[in-house]
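Participant: So the sequence shown is numbered by the working numbering: it starts at 2 and just counts up by one.
Even for Gly, the Cβ is constructed at its ideal location relative to N, Cα and C.
All values reported here derive from a predicted model rather than from experimental measurement.
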Amino acid sequence: MTKITKELVKEHGISKEEYDFILKSLNREPTITELGIFSAMWSEHCSYKSSKYWLKQLPTNSDYVIQGPGENAGVIDIGDNYAAVFKMESHNHPSYIEPYQGAATGVGGILRDIFTMGARPVALLNSIRFGEISHEKTKHLLTGVVSGIGGYGNCMGIPTVGGEVEFNSSYNDNILVNAMCVGVAKKDKIFYSKASGVGNSVVYVGSKTGRDGIHGATMASAEFDDNSEDKRPTVQVGDPFSEKLLLEACMELMKMDIIIAIQDMGAAGLTSSAVEMAGKGNLGIELNLDNVPCREDKMTAYEIMLSESQERMLMILEPDKEEIAKDIFEKWELDFSVIGRLTDTKRLIINHKKEKKADIILDILEKGAPSYQRPYKTKVYKDEILKDKFTREKPLSILKKMIGSPNLCSRKWVWEQYDHMVMTDTMLLPGGDAAIIRVHETNKGLSMTADSTPRYCASDPFEGGKQVVAEAWRNLISVGSQPIAITDCMNFGNPEKKEIMGQFAGVIEGMKEACNFLNFPVVSGNVSLYNETNGKGINPTPVIGGVGVVKNLSVFADQFFKRDDDHILIIGETDGHLTQSIYAHELLECDIGLPPRVDLNKELKNGLFVKELICKSLIDTVHDISDGGLLVAISEMSMKYNYGFDIKLKKRDLNSYLFGEDQARYVISVEEKNLKKVRYKLEEKGIYFENIGKTVKDFIILNDEQMTVKELKNIYENWFNNYLSEAS
Numbered sequence: 002m003t004k005i006t007k008e009l010v011k012e013h014g015i016s017k018e019e020y021d022f023i024l025k026s027l028n029r030e031p032t033i034t035e036l037g038i039f040s041a042m043w044s045e046h047c048s049y050k051s052s053k054y055w056l057k058q059l060p061t062n063s064d065y066v067i068q069g070p071g072e073n074a075g076v077i078d079i080g081d082n083y084a085a086v087f088k089m090e091s092h093n094h095p096s097y098i099e100p101y102q103g104a105a106t107g108v109g110g111i112l113r114d115i116f117t118m119g120a121r122p123v124a125l126l127n128s129i130r131f132g133e134i135s136h137e138k139t140k141h142l143l144t145g146v147v148s149g150i151g152g153y154g155n156c157m158g159i160p161t162v163g164g165e166v167e168f169n170s171s172y173n174d175n176i177l178v179n180a181m182c183v184g185v186a187k188k189d190k191i192f193y194s195k196a197s198g199v200g201n202s203v204v205y206v207g208s209k210t211g212r213d214g215i216h217g218a219t220m221a222s223a224e225f226d227d228n229s230e231d232k233r234p235t236v237q238v239g240d241p242f243s244e245k246l247l248l249e250a251c252m253e254l255m256k257m258d259i260i261i262a263i264q265d266m267g268a269a270g271l272t273s274s275a276v277e278m279a280g281k282g283n284l285g286i287e288l289n290l291d292n293v294p295c296r297e298d299k300m301t302a303y304e305i306m307l308s309e310s311q312e313r314m315l316m317i318l319e320p321d322k323e324e325i326a327k328d329i330f331e332k333w334e335l336d337f338s339v340i341g342r343l344t345d346t347k348r349l350i351i352n353h354k355k356e357k358k359a360d361i362i363l364d365i366l367e368k369g370a371p372s373y374q375r376p377y378k379t380k381v382y383k384d385e386i387l388k389d390k391f392t393r394e395k396p397l398s399i400l401k402k403m404i405g406s407p408n409l410c411s412r413k414w415v416w417e418q419y420d421h422m423v424m425t426d427t428m429l430l431p432g433g434d435a436a437i438i439r440v441h442e443t444n445k446g447l448s449m450t451a452d453s454t455p456r457y458c459a460s461d462p463f464e465g466g467k468q469v470v471a472e473a474w475r476n477l478i479s480v481g482s483q484p485i486a487i488t489d490c491m492n493f494g495n496p497e498k499k500e501i502m503g504q505f506a507g508v509i510e511g512m513k514e515a516c517n518f519l520n521f522p523v524v525s526g527n528v529s530l531y532n533e534t535n536g537k538g539i540n541p542t543p544v545i546g547g548v549g550v551v552k553n554l555s556v557f558a559d560q561f562f563k564r565d566d567d568h569i570l571i572i573g574e575t576d577g578h579l580t581q582s583i584y585a586h587e588l589l590e591c592d593i594g595l596p597p598r599v600d601l602n603k604e605l606k607n608g609l610f611v612k613e614l615i616c617k618s619l620i621d622t623v624h625d626i627s628d629g630g631l632l633v634a635i636s637e638m639s640m641k642y643n644y645g646f647d648i649k650l651k652k653r654d655l656n657s658y659l660f661g662e663d664q665a666r667y668v669i670s671v672e673e674k675n676l677k678k679v680r681y682k683l684e685e686k687g688i689y690f691e692n693i694g695k696t697v698k699d700f701i702i703l704n705d706e707q708m709t710v711k712e713l714k715n716i717y718e719n720w721f722n723n724y725l726s727e728a729s
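(1) State the Cα-Cα distance for the pair residue 8 and residue 27, rounded to the nearest angstrom.
(2) Pull up the distance between the alpha-carbon of residue 1 and that of residue 474, whole angstroms please.
(3) Kindly identify the DSSP beta-bridge partner or partners of residue 68.
(4) Compare the C-alpha of residue 532 against each of 505, 547, 525 and name the closest.
(5) Tell me the residue span of the beta strand (DSSP E) that contains residue 707.
(6) For chain B, find out if any of its Cβ atoms is closer than 8 Å to the Cβ of residue 22; answer yes or no.
(7) Sorted by chain position, which residues of the same chain lie with C-beta nearer than 7 Å to residue 591's C-beta, five sequence neighbours on each side aside?
(8) Are three or more beta carbon pairs between the region 545-562 and the region 436-444 nearer than 8 Å?
(9) Quick check on residue 535: buried or exposed, where buried means 16 or more other Cβ atoms within 10 Å of its Cβ?
(10) Mind checking who residue 656 pairs with in its DSSP beta bridge?
(11) Excluding sequence positions up to five away, which residues of its chain have a Cβ less than 8 Å from the Cβ of residue 225?
(12) With respect to the alpha helix (DSSP H) encompassing residue 47, which residues constitute its N-terminal and C-terminal limits?
(13) When burial is assigned at 16 or more other CB atoms within 10 Å of the CB, is residue 222 buried or exposed?
(14) Using 8 Å as the threshold, is the C-beta distance between residue 651 and residue 568 below it?
(15) I'd like to confirm the pairing. Which residues does DSSP put opposite residue 122 in its beta bridges?
(16) Out of 708, 252, 575, point me to the one whose CA is closest to residue 116's CA.
(17) Measuring only the C-alpha atoms, how far is residue 526 from residue 4?
(18) With a threshold of 7 Å on Cβ separation, who are the neighbours of residue 246 within its own chain once the five nearest residues in sequence on each side are excluded?
(19) Let me know the beta strand (DSSP E) ranges lying completely inside the region 253-325, each 3 residues or longer, listed in chain order.
(20) Short of 7 Å in beta carbon distance, which residues of its chain neighbour residue 166, apart from the five on each side in sequence? Order them along the chain.
(21) In the DSSP assignment, find the unbroken beta strand (DSSP E) run with residue 353 in it and report its ends.
(22) If you measure between the beta carbons of residue 70 and residue 149, is that distance less than 8 Å?
(23) Ends of the beta strand (DSSP E) at residue 439?
(24) Closest to residue 692 by CA distance: which of 700, 703, 429, 680 is it?
(25) Does the region 510-524 come close enough to the region 49-68 that 3 or more CB-CB pairs lie under 8 Å?
(26) Using the C-alpha atoms, what's the distance from residue 471 back to residue 11?
(27) Only counting the same chain, and skipping five residues up and downstream in sequence, which positions put a Cβ closer than 8 Å to that of residue 15?
(28) What is the DSSP secondary structure of residue 640, counted as helix, strand or coil?
(29) Which ranges does the beta strand (DSSP E) cover as unbroken runs of at least 3 residues, wholly within the region 419-495, from first to last along the chain?
(30) Please state whether DSSP places residue 362 in a helix, a strand or coil.
(31) Going by DSSP, which residues form a beta bridge with residue 92?
(32) For the region 595-612 against the region 477-487, are there 3 or more C-beta pairs whose distance is under 8 Å?
(33) From residue 564 to residue 607, what distance separates their C-alpha atoms?
(34) Closest to residue 265 by C-alpha separation, out of 320, 304, 323, 195, would be which residue?
(35) Please classify residue 723: is it buried, with 16 or more other beta-carbons within 10 angstroms of its beta-carbon, or exposed?
(36) Please report how far the alpha carbon of residue 201 lies from the alpha carbon of residue 103, in whole angstroms.
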């Protein structure tokens with residue numbers, strides 16, 4: 002029997018106070034298996050012990066919400082008896098240690114969160130962040146992560162339709178890989194994880210259990226250090242072909258209405274799925290690990306309970322339905338094994354090799370889990386004015402530098418490695434404000450996006466939190482959809498540091514205000530804390546995944562100029578806010594000052610007006626103005642069909658006007674025949690706008706400067722290829 006020492010407790014990420022509580026609750030010393038179970042269930046990744054106080058403040062309900070946080074994924078009503086099921090999860094630490102498998106299994110895990118609820122996955126998105134481009138590991142991590150995401154999603158036959166990529170020194174030793182999945186289900190065919198029925202069977206299905214991923218949840222809840230490479234064995238190994246079989250087997254069984262409850266074996270593996278299912282049902286659960294299919298010899302109870310091997314599910318069935326389910330899973334060449342029963346004891350009991358390895362009251366694991374209101378300190382940058390070193394340089398010269406910089410250049414190299422057209426339901430391709438996926442048997446589409454602006458959150462967490470929600474909302478509005486709800490992935494440093502906890506608290510409060518005002522609730526999500534290496538944390542990075550509904554697929558917009566001689570209108574006021582802009586960070590290498598303020602009244606008013614113009618077919622080209630400002634936005638609109646622009650601007654501070662990142666703004670192009678009607682509506686509703694010029698074929702003309710669209714496009718699209726072809 003393993004002796005439980007102070008060192009062993011510490012290795013399991015359990016504090017002295019937490020261990021004292023365990024001793025008191027059990028009235029004895031835990032077994033090594035029990036210690037592992039507590040370690041996993043009380044990890045930050047599973048228990049949200051530093052974050053749940055704040056997360057509870059986020060709005061989670063609306064007329065569209067069927068299921069909010071607390072299940073495998075959130076569920077919203079999209080009409081016609083259909084529901085959208087979606088969630089975002091992090092796989093940060095594993096992806097730094099082993100980029101291909103870390104990213105691949107992140108995709109596999111989020112897919113299971115969706116289809117375990119009865120929804121067929123229809124789209125994947127991601128948000129990935131790497132260190133500065135000169136860092137020795139960046140190329141290796143970038144290529145590995147992109148290959149892993151593409152490798153898993155492509156093999157599963159699920160299109161990857163959107164996302165974002167950022168490079169910043171704060172991620173040098175702690176990259177971020179956030180994966181999002183959206184699925185579609187019939188509203189009356191949603192499956193949940195709440196176990197019920199004393200005596201019902203606990204059934205293991207999917208792939209065999211191995212030693213990969215042991216302590217994955219615990220690792221995700223700790224800082225990195227110089228020895229993090231030694232943790233490589235804790236990274237799970239994915240098999241998308243097995244997951245495809247698991248998906249189809251689950252979908253087939255779900256049609257038969259015999260599943261009582263079902264749960265993905267994700268973080269903490271069999272431990273979390275068993276504990277959460279029984280806990281939600283206020284029941285007990287007894288497992289016999291001798292029946293767990295294992296692919297390695299002599300696995301201990303500790304290893305079986307904590308393994309995070311992929312492509313596995315736990316389900317509850319009535320005993321007389323076992324054979325029906327077994328036949329289906331064996332047909333799909335997957336393991337099927339009855340490993341336990343539900344009881345009325347409200348205890349978790351683990352048996353292995355004729356020995357009782359664990360006996361814990363479930364309330365101790367769940368309701369007894371620690372919950373901390375950690376002290377925090379709010380830090381906001383000083384309100385400073387940017388001294389522009391580039392005032393003498395002409396705008397198009399600046400544009401070339403910006404559009405060819407790592408954080409503004411085309412991500413085509415990335416998304417072309419993902420199969421974004423598989424299933425042929427992708428209506429809007431990656432590279433725009435939001436993607437659109439067709440919903441079968443309807444004339445509707447689902448819009449989706451993933452966004453974050455960490456530099457704003459670092460300088461003013463409250464305003465940054467507001468902005469990231471508003472940005473996702475604008476992206477969905479820009480294609481003509483109705484924004485419905487969000488999922489989030491909250492990536493931060495060590496919450497035990499007051500300034501980090503202050504970032505988290507401030508961002509949550511900003512998100513709360515924006516979500517309430519825009520009626521854009523949070524229905525699912527994930528918190529990833531301790532993103533630090535050797536005491537240095539990442540920038541606060543709340544990633545927002547937004548989902549909306551396009552009510553009529555014959556009427557939506559994209560961001561690309563389509564015709565010659567359209568009028569180019571700017572919706573919303575431009576003050577020329579440069580601090581915390583891409584212009585300041587990339588060209589001036591200056592990170593002083595505050596981000597632009599978010600006026601939610603203007604966001605709502607301007608956004609709903611733009612959506613109205615799209616839905617009434619008065620415009621079909623829209624792009625929200627965000628990173629890089631106005632000139633970058635209209636340049637991005639020019640490059641797909643080679644329709645540029647001819648604009649004449651007389652501004653006192655032209656660079657501020659062109660590159661400032663003021664919020665609540667859109668660029669729209671309006672055909673001559675619709676201009677009078679659009680102007681009338683703008684004036685009638687009191688919405689600020691400017692008509693700055695017209696579209697022209699092949700050229701970009703700004704005052705006395707001129708260049709071809711082709712020249713700018715070459716700069717825009719070649720950064721990734723040039724970077725990756727350079728010798729390291």
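Facilitator: Reading off the structure:
(1) The sequence position of residue 8 within the sequence shown is 7, counting from 1. The sequence position of residue 27 within the sequence shown is 26, counting from 1. Spanning the two alpha carbons is a distance of roughly 20 Å.
(2) Since the first residue of the chain shown is 2 and the last is 729, residue 1 is not available in this structure.
(3) For the purposes of this step, residue 68 is taken as the residue at position 67 of the sequence shown. Bridge partners of residue 68: 76.
(4) Translated into the one-based positions of the sequence shown, residue 532 becomes position 531. Here the closest residue by C-alpha is 505.
(5) Here residue 707 corresponds to residue number 706 of the sequence shown, with the count starting at 1. 706-709 is the span of the beta strand (DSSP E), which, as asked, contains residue 707.
(6) Absence of chain B from the displayed structure is noted, only one protein chain being present.
(7) Start at 1 with the first residue of the sequence shown, and residue 591 comes out as number 590. Only 387, 585 meet the Cβ criterion.
(8) yes
(9) Taking the first residue of the sequence shown as 1, we reach residue 535 at position 534. Exposed, because fewer than 16 other Cβ atoms sit within 10 Å of the Cβ of residue 535.
(10) Here residue 656 refers to the residue found at position 655 when the sequence shown is read from its first residue. Paired residues: none, contrary to the question.
(11) Locating residue 225 in the sequence shown gives position 224, counting from the first residue. Note on residue 225: pLDDT 48, under 50, position unreliable in the model; the coordinate value appears next. Taken in chain order, the residues that qualify are 94, 97, 174, 175, 533, 534, 535.
(12) The residue labelled residue 47 in the question sits at position 46 within the sequence shown. Counting along the chain, the alpha helix (DSSP H) containing residue 47 begins and ends at 45-48.
(13) What you label residue 222 is simply residue 221 of the sequence shown in a count that begins at 1. Residue confidence for residue 222 is low, a pLDDT of 48 falling below 50, so the modelled location carries little weight; the figure read from the coordinates is stated next. It is buried - the Cβ of residue 222 has at least 16 other Cβ atoms within 10 Å.
(14) Residue 651 sits at position 650 when you count from the first residue of the sequence shown. Residue 568 sits at position 567 when you count from the first residue of the sequence shown. For residue 651 and residue 568, no; Cβs fall outside 8 Å.
(15) For the purposes of this step, residue 122 is taken as the residue at position 121 of the sequence shown. Note: residue 122 sits in a beta bridge opposite 184.
(16) Indexing the sequence shown from 1 puts residue 116 at position 115. Residue 252 is the option with its Cα nearest to residue 116.
(17) Taking the sequence shown and counting its residues from 1, the one referred to as residue 526 is at position 525. Taking the sequence shown and counting its residues from 1, the one referred to as residue 4 is at position 3. Near 38 Å, if we compare the C-alpha coordinates of residue 4 and residue 526.
(18) The residue you call residue 246 lines up with position 245 of the sequence shown. The answer, listed in chain order, is 333, 334, 335.
(19) 262-265, 285-289, 313-318
(20) On the sequence shown, position 165 is the one that residue 166 refers to. Counting only Cβ-Cβ distances below 7 Å, and skipping sequence neighbours, we find 129, 412, 415.
(21) One-based indexing of the sequence shown puts residue 353 at position 352. Taken as a continuous stretch (DSSP letters only), the beta strand (DSSP E) holding residue 353 covers 348-353.
(22) On the sequence shown, residue 70 is found 69 positions in, with the first residue counted as 1. On the sequence shown, residue 149 is found 148 positions in, with the first residue counted as 1. Result no, Cβ atoms of residue 70 and residue 149 do not sit closer than 8 Å.
(23) Stepping through the sequence shown from its first residue, residue 439 is reached at position 438. Taken as a continuous stretch (DSSP letters only), the beta strand (DSSP E) holding residue 439 covers 436-439.
(24) Here residue 692 is taken as the residue at index 691 of the sequence shown, counted from 1. Comparing Cα-Cα distances from residue 692 to each of 700, 703, 429, 680, the minimum goes to 680.
(25) Yes: the two stretches touch, three or more of their Cβ pairs being nearer than 8 Å.
(26) As a position in the sequence shown, residue 11 is number 10, starting the count at 1. As a position in the sequence shown, residue 471 is number 470, starting the count at 1. Taking the straight line from one Cα to the other gives about 42 Å.
(27) As a position in the sequence shown, residue 15 is number 14, starting the count at 1. These residues qualify, in order along the chain: 23, 36, 39, 40, 43.
(28) By one-based count along the sequence shown, residue 640 stands at place 639. Residue 640 falls in the coil class under three-state DSSP.
(29) 427-429, 436-439, 446-452, 483-492
(30) The count along the sequence shown starts at 1 and reaches residue 362 at position 361. Look at residue 362 here: in three-state DSSP terms it is strand.
(31) Taking the first residue of the sequence shown as 1, we reach residue 92 at position 91. Answer by DSSP bridge pairing: none, since residue 92 is not bridged.
(32) yes
(33) The residue given as residue 564 occupies position 563 in the sequence shown. The residue given as residue 607 occupies position 606 in the sequence shown. Approximately 24 Å, taken between the alpha carbons.
(34) In the sequence shown, the residue the question calls residue 265 occupies position 264. When only C-alpha atoms are compared, the closest one is 195.
(35) For the purposes of this step, residue 723 is taken as residue 722 along the sequence shown, with counting starting at 1. Answer is exposed; the Cβ neighbour count stays below 16.
(36) On the sequence shown, residue 201 is found 200 positions in, with the first residue counted as 1. On the sequence shown, residue 103 is found 102 positions in, with the first residue counted as 1. Roughly 35 Å separates the two Cα atoms.
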